[in-house]
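What follows is a set of notes on a single structure, which appears directly below.
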Amino acid sequence: DVDIAQYDHEDGLYLQRLAEGLAQLEKIAFQKNGRLPDLVLVVDGSDPYEGDELPSTSTLRLTLQQMLERDLLLYNFFQDRSIPSAWVNAGGYGEKVWQVYVQFLEKILPERCAATQPY
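Just so you know, we're using my numbering here: the sequence shown kicks off at 1 and counts up by one.
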């Protein structure tokens with residue numbers, strides 16, 4: 001369990017802190033288990049997106065580009081370490097939050113589909 005500090009209106013530090021948190025988790029996994037996890041479940045929330053209409057998320061307002069960078073940071077972190085990951089979409093309050101998920105899928109699916117062999 002790693003808490004990643006995020007203070008009001010520090011949007012520009014979010015990705016850096018997330019990367020640091022992932023590095024901490026990796027270190028803890030090796031210290032406790034001597035290996036990385038067998039599977040990761042990513043609850044991919046859209047609450048930090050500036051297009052999310054939930055009032056309680058107003059202190060962290062990430063752009064659509066920052067949301068994509070967040071998702072790719074997580075995705076690449078697990079891919080680079082050969083850790084299988086299952087993704088579920090979470091949050092989503094407002095008419096624009098679908099953009100968060102669609103842009104991520106548009107980015108990764110062509111590569112993923114090209115990597116699979118037809119039977």
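Note that the Cβ used here is the ideal one computed from N, Cα and C, for glycine as well. Every value quoted in this text rests on a predicted model; they were computed, and no experiment measured them.
query, result
"Span separating the alpha-carbon of Phe104 from that of Asp71", "7 Å"
"Unbroken stretches of the beta strand (DSSP E), 3 residues or longer, contained in the segment 38-110", "40-45 and 85-90"
"Environment of Thr57 [buried if 16+ CB atoms lie within 10 Å]", "buried"
"contact_flag[the segment 10-18, the segment 48-63] where n(CB pairs < 8 Å) is 3 or more", "yes"
"Counted within 10 angstroms of its Cβ, other Cβ atoms place Leu62 as buried (16 or more) or exposed", "buried"
"Span separating the alpha-carbon of Cys113 from that of Ile83", "18 Å"
"Distance CB(Ala90)-CB(Gly21) smaller than 7 Å", "no"
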